Amino acid sequence: MTERLYYEDPYLWQFDAAVTGTRPGKGAGTWEITLDRSAFYPTSGGQPFDTGRLTWNGCIADVTNVEADPDGEVVHTVNREIPAGTRVRGFIDGHRRTDHMEQHGGEHMLAGAIWEKLGGTTIGLHLGKEDSTIDVSMPDGRTRLTEEEILLLEDTVNTRIRQDAPIRCWFPTEEEMKTLPLRKAPTVTEHIRIVAMGDFEMVACGGTHPSSTGRIGMVKILSALPSKGKVRVTFVCGERALRLFQQYKRSADKAGNVLSCPTEKLATAAGELKARLADAERRLNRFETEKLLGLIRENENGEDLPGITLSVTVTAQGDARPVAEAVSAYISESGKALLLCVGERLTFARSADVDIDMNELIRRVARGGGRPDMASGAGIPECAGVARKILMMEGKGKAWKKKT
Ligand SMILES: [Zn+2]
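This note's numbering puts the first residue of the sequence shown at 1208, with every later residue one more than the last.
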C-alpha cells in the first residue's frame, strides 16, 4: 500500500520515492507506475487528481492521471516507462492542488453551515473546472433556497473563514470515534480519517485540506436551483472567487459606461432601456406598416380585373411583421387583390369577397402555397407580373367579385 504523504502535509510539493511497480497504461505511450510513497492525490470524494512530474537520472515523465486501486495503491499514469526499483523525485503542480484544496475546503465549510443553519444534508461534491456543486437534501423537501438563506450561508461561512481557525486531520482510535460529533456518519468502516475545521465542521474525509480556514480565502454561492428533487448549490472558493469578481466587475463597469450609470443602478437602467426599445420597435413597426400600405395603394389598378382593385407591388425589403400587418390591413377592405414581392418573398392575398384562389395561383408561378385567400412563397419580382398576366388572360369576362 502506498504511503500517502499528503495526509501529513498537504503542502508537500516535492518528495523522493522508489518505483515499486510498472506496467503499460491504458492509452498508447503511457505507463502505470506505483511508488512506495507519494504526495500525488488520486481522484476520490469529488476531488480530482494531482498532476506533475517524476524525474530520475536527468529523465522527466509527466504525471497525467492518478487513481487509487482497490488495494490502496496509488497508480500514477506517466508518459515514459520507468523501471521498477528506480529512485524518483516527484513534483506536484501546487497551483492546481491549492485550487482543489480551496474548493474542497470551502465545500466543507458550506456543508457544515447548511447543516447547522438550515438542517440540510449534502450528498456529494462535484469539483468542476469553472465552479463546484453540492446537492442538498432539505428537511422539508424543498428544492430551492431563498435569497436570505443564501446570504445567511455566505455570511456565516466567510466570517468563519476570516477567523482563520486551524484545520486538523487525523486517524482516531475506535474509542475516540464514538465521542466525535460528526456531521454525518462515515461511509467507510476502516482507516477512518477525520477532518475538523475549528468548531464549525467535523466529518470523515480522505481528501486534502488547507491548514487553516483562512487559506480557503472566500466562498461565494452562484446559484441554488432544483436538481433531481434536491437543491444543487453551485459555488466558487479562493482564487476562483477573486477571478470571478474581477470578471464581473470589469463587465459591470463596461455596461455602466455604455448605459452612463453607476454599476448599482445597472438593473434599473437596463429595464428602462428595454422599455424604450420596445416602444421604439412598436413605432417603427407602425411606420413601416403604413409606408408599405401607402406603396400598395399607389400601385392599385381598377381596370386589370374588372369589379375589383388589383395591386402588384414590388419592394426591396421589409420586416416580416410590418409586411404581415400591411397585407392583412389591405385585404380587410372589400374587393382587393394583392400580388406582393418583398425582396425574394412573395405574398398573394385577397379580400374575402374576391374570387381568386391565391394558393393555386402562387403554385403556378413559384415555390409556395397557403390558403385560397392568402399564400406565400419564395420567388423573384417577375413572378408577381406573371401571376397578373395569368389572371388577366384566363379570367376574361369573369365576375371577380363574389356576390354577397
Ligand atoms: Zn475533505
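For each residue, glycine too, the CB sits at the ideal point set by N, CA and C. Keep in mind the model is a prediction, meaning the values are calculated, not measured.
query = For Leu1619, which of helix, strand or coil comes out of DSSP?
reply = The requested residue 1619 is not part of the displayed model; the chain covers only 1208 to 1611.
Residues bridged to Glu1239 (per DSSP) = If you number the sequence shown from 1, residue 1239 lands on position 32. In the DSSP output, where bridge partners are listed per residue, Glu1239 has Arg1230 and Thr1284.
inquiry  = I want to check one thing, is the minimum distance from the CB of Gly1253 to the heavy atoms of ligand 1 below 6 Å?
reply    = One-based indexing of the sequence shown puts residue 1253 at position 46. Gly1253: no, Cβ never under 6 Å from ligand 1.
query = Of the choices Pro1388, Arg1375 and Ile1428, whose alpha-carbon is the least far from that of Ser1614?
reply = There is simply no residue 1614 to check, as the chain begins at 1208 and stops at 1611 in what is shown.
key: Exposure label - Met1208; buried when at least 16 CB within 10 Å   = On the sequence shown, residue 1208 is found 1 positions in, with the first residue counted as 1. Per the 10 Å Cβ criterion, exposed.
message = Suppose you measure from the CA of His1283 to the CA of Lys1336; what does that come to, to the nearest Å?
response = Your numbering for residue 1283 matches position 76 in the sequence shown. Your numbering for residue 1336 matches position 129 in the sequence shown. Taking the straight line from one Cα to the other gives about 21 Å.
inquiry  = Since Ala1585 and Leu1547 should fall inside the 8 Å C-beta cutoff, what is the C-beta to C-beta distance between them, to a whole number of angstroms?
reply    = As a working mapping, residue 1585 is identified with position 378 in the sequence shown. As a working mapping, residue 1547 is identified with position 340 in the sequence shown. Ala1585 to Leu1547, Cβ: 13 Å. No contact.
query = For the alpha helix (DSSP H) that contains Asn1464, what are its first and last residues?
reply = In the sequence shown, counting from the first residue as 1, residue 1464 sits at position 257. Element bounds for Asn1464: Gly1445 to Leu1466.
task = Tell whether a beta-carbon distance below 7 Å holds between Asp1300 and Asn1286.
result = On the sequence shown, residue 1300 is found 93 positions in, with the first residue counted as 1. On the sequence shown, residue 1286 is found 79 positions in, with the first residue counted as 1. It is not a contact, given that the beta carbons lie outside the stated cut-off.
ask   = Do you know offhand how far Leu1598's Cα is from Ala1476's?
value = As a working mapping, residue 1598 is identified with position 391 in the sequence shown. As a working mapping, residue 1476 is identified with position 269 in the sequence shown. Roughly 56 Å between the two C-alpha positions.
key: Helix, strand or coil at Arg1552 according to DSSP, with G and I counted as helix   = Reading the sequence shown from its first residue, position 345 is the one you call residue 1552. Of the three classes helix, strand and coil, the one that applies to Arg1552 here is strand, per DSSP.
query = Does ligand 1 have a heavy atom nearer than 6 Å to the CB of Cys1266?
reply = Mapped onto the sequence shown, residue 1266 falls at position 59. Outside the cutoff, so no.
key: By C-beta, the residues closer than 6 Å to any heavy atom of ligand 1, given in chain order   = His1311, His1315, Val1402, Cys1412, Gly1414 and His1416
request  = Give every residue of the same chain whose Cβ lies closer than 7 Å to the Cβ of Ser1535, excluding the five residues on either side of it in the sequence, and list them in chain order.
outcome  = In the sequence shown, the residue the question calls residue 1535 occupies position 328. Closer than 7 Å at Cβ, skipping near neighbours: no residue.
key: Glu1408, buried or exposed, once every other Cβ within 10 Å from all chains shown has been counted against 16   = Here residue 1408 refers to the residue found at position 201 when the sequence shown is read from its first residue. Counting Cβ neighbours within 10 Å, Glu1408 comes out buried, since at least 16 surround it.
Val1410 versus Arg1439, Asp1257 and Gly1252, residue with shortest Cα-Cα distance = Against the sequence shown, residue 1410 aligns to sequence position 203. Out of Arg1439, Asp1257 and Gly1252, Gly1252 has the C-alpha closest to the C-alpha of Val1410.
query = Which partner residues does Ile1423 have in the DSSP bridge list?
reply = To locate residue 1423, count along the sequence shown from 1; it is residue 216. Answer is none; Ile1423 lacks a bridge partner.
request  = Spell out a yes or no on whether the region 1298-1317 and the region 1333-1349 are touching, meaning 3 or more CB-CB pairs, one atom from each, closer than 8 Å.
outcome  = yes
ask   = Within this structure, are the beta carbons of Ala1544 and Leu1517 separated by less than 7 Å?
value = Here residue 1544 is taken as the residue at index 337 of the sequence shown, counted from 1. Here residue 1517 is taken as the residue at index 310 of the sequence shown, counted from 1. Against a cut-off of 7 Å, the Cβ pair of Leu1517 and Ala1544 comes out as a contact.
task = Could you give the DSSP three-state label for Cys1412: helix, strand or coil?
result = Here residue 1412 refers to the residue found at position 205 of the sequence shown. Three-state result, Cys1412: coil.
inquiry  = Between which residues of its own chain and Gly1234 is the CB-CB distance below 8 Å, once the five residues before and five after are set aside?
reply    = As a working mapping, residue 1234 is identified with position 27 in the sequence shown. Cβ within range, chain order: Thr1284.
ask   = Where does Pro1529 fall in DSSP's three states?
value = Locating residue 1529 in the sequence shown gives position 322, where the first residue counts as 1. Helix at Pro1529.
task = Determine, using beta carbons only, whether Arg1211 and Thr1262 come nearer to each other than 7 Å.
result = Within the sequence shown, numbered from 1, the residue matching residue 1211 stands at position 4. Within the sequence shown, numbered from 1, the residue matching residue 1262 stands at position 55. No, the pair does not count as a contact, with Cβ atoms beyond the cut-off.
request  = Report the residue from Ile1401, Leu1429, Ile1399 and Thr1293 whose alpha carbon sits nearest the alpha carbon of Leu1358.
outcome  = For this step, residue 1358 is matched to residue 151 along the sequence shown. Considering only alpha carbons, the answer is Leu1429.
task = Mark Ala1485 as exposed unless 16 or more other C-beta atoms lie within 10 angstroms of its C-beta, in which case mark it buried.
result = Here residue 1485 refers to the residue found at position 278 of the sequence shown. Ala1485 is exposed by the Cβ-count criterion.
query = Which residues in the same chain as Leu1360 place their Cβ atom closer than 7 Å to its Cβ, once the five residues preceding and following it in sequence are excluded?
reply = Here residue 1360 refers to the residue found at position 153 of the sequence shown. Excluding positions up to five away in sequence, the list reads Leu1317, Ala1320, Ile1321, Lys1324 and Ile1428.
inquiry  = So, with DSSP's three-state summary, where would you put Pro1433?
reply    = Against the sequence shown, residue 1433 aligns to sequence position 226. Strand.
Range covered by the alpha helix (DSSP H) that runs through Ala1164 = With the chain covering only 1208 through 1611, there is no way to say anything about residue 1164.
key: Whole alpha helix (DSSP H) elements within the region 1563-1600, 4-residue minimum   = 1565-1572
key: Straight-line Cα distance separating Val1440 from Ile1341   = Here residue 1341 is taken as the residue at index 134 of the sequence shown, counted from 1. Here residue 1440 is taken as the residue at index 233 of the sequence shown, counted from 1. Their backbone Cα atoms lie some 5 Å apart in a straight line.
query = Distance, Cα to Cα, Leu1449 vs Tyr1214?
reply = Mapped onto the sequence shown, residue 1449 falls at position 242. Mapped onto the sequence shown, residue 1214 falls at position 7. Looking at the two C-alpha atoms, the distance is approximately 28 Å.
message = Give me, in chain order, the residues of the same chain whose beta-carbon lies closer than 6 Å to that of Gly1577; leave out the 5 immediate sequence neighbours on both sides.
response = Numbered from 1 along the sequence shown, position 370 holds the residue referred to as residue 1577. Taken in chain order, the residues that qualify are Asn1566 and Ser1583.
key: Glu1540 (DSSP reduced to helix, strand or coil)   = The residue given as residue 1540 occupies position 333 in the sequence shown. Here Glu1540 sits in coil by DSSP.
query = From this set, Asp1257, Glu1274, Ala1291 and Trp1220, which residue's C-alpha is nearest Thr1227's C-alpha?
reply = The sequence position of residue 1227 within the sequence shown is 20, counting from 1. It is Ala1291 whose Cα lies nearest to the Cα of Thr1227.
ask   = Does the region 1361-1368 come close enough to the region 1338-1353 that 3 or more CB-CB pairs lie under 8 Å?
value = no
ask   = Going by C-alpha distance, which of Ala1573, Met1345, Glu1314 and Ile1538 is nearest Val1561?
value = For the purposes of this step, residue 1561 is taken as the residue at position 354 of the sequence shown. Looking at the Cα atoms, Ile1538 is the closest of the given residues.
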